[in-house]
Amino acid sequence: MREHRVQTIPRTAVMASLALFGLSACVKVQAPDKPIEINLNVNIKQEVVIRLEKDVRDLIKNNPAVF
1 MREHRVQTIP RTAVMASLAL FGLSACVKVQ APDKPIEINL NVNIKQEVVI
51 RLEKDVRDLI KNNPAVF
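FYI, UniProt numbering numbers position 37 of the sequence shown as 37, with every residue one higher than the one before it.
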């Protein structure tokens, strides 16, 4: 019985390693064809609006007759 079990363990290990080797060939690591695009328009627009409001306040404060 023990001889049979000793022979089964290496066979099982070989079969498991072959199965894992076969599964590892299915995984591909590849760079994307197109570059990654990050759209930051929202934050940029908000900063521009805040700066315009500050500029308008300063303009009105310095030239009250214009408006």
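Virtual Cβ for every residue (Gly too), placed ideally from N, Cα, C.
Self-check item: Backbone CA spacing between M15 and A31 [nearest angstrom]
Solution: 33 Å
Quiz item: Grouping DSSP H, G and I as helix and E and B as strand, with all else coil, what is E53?
Solution: helix
Practice problem: Return the CA-CA distance between E37 and L59, expressed in angstroms with no decimal places. | Solution: 38 Å
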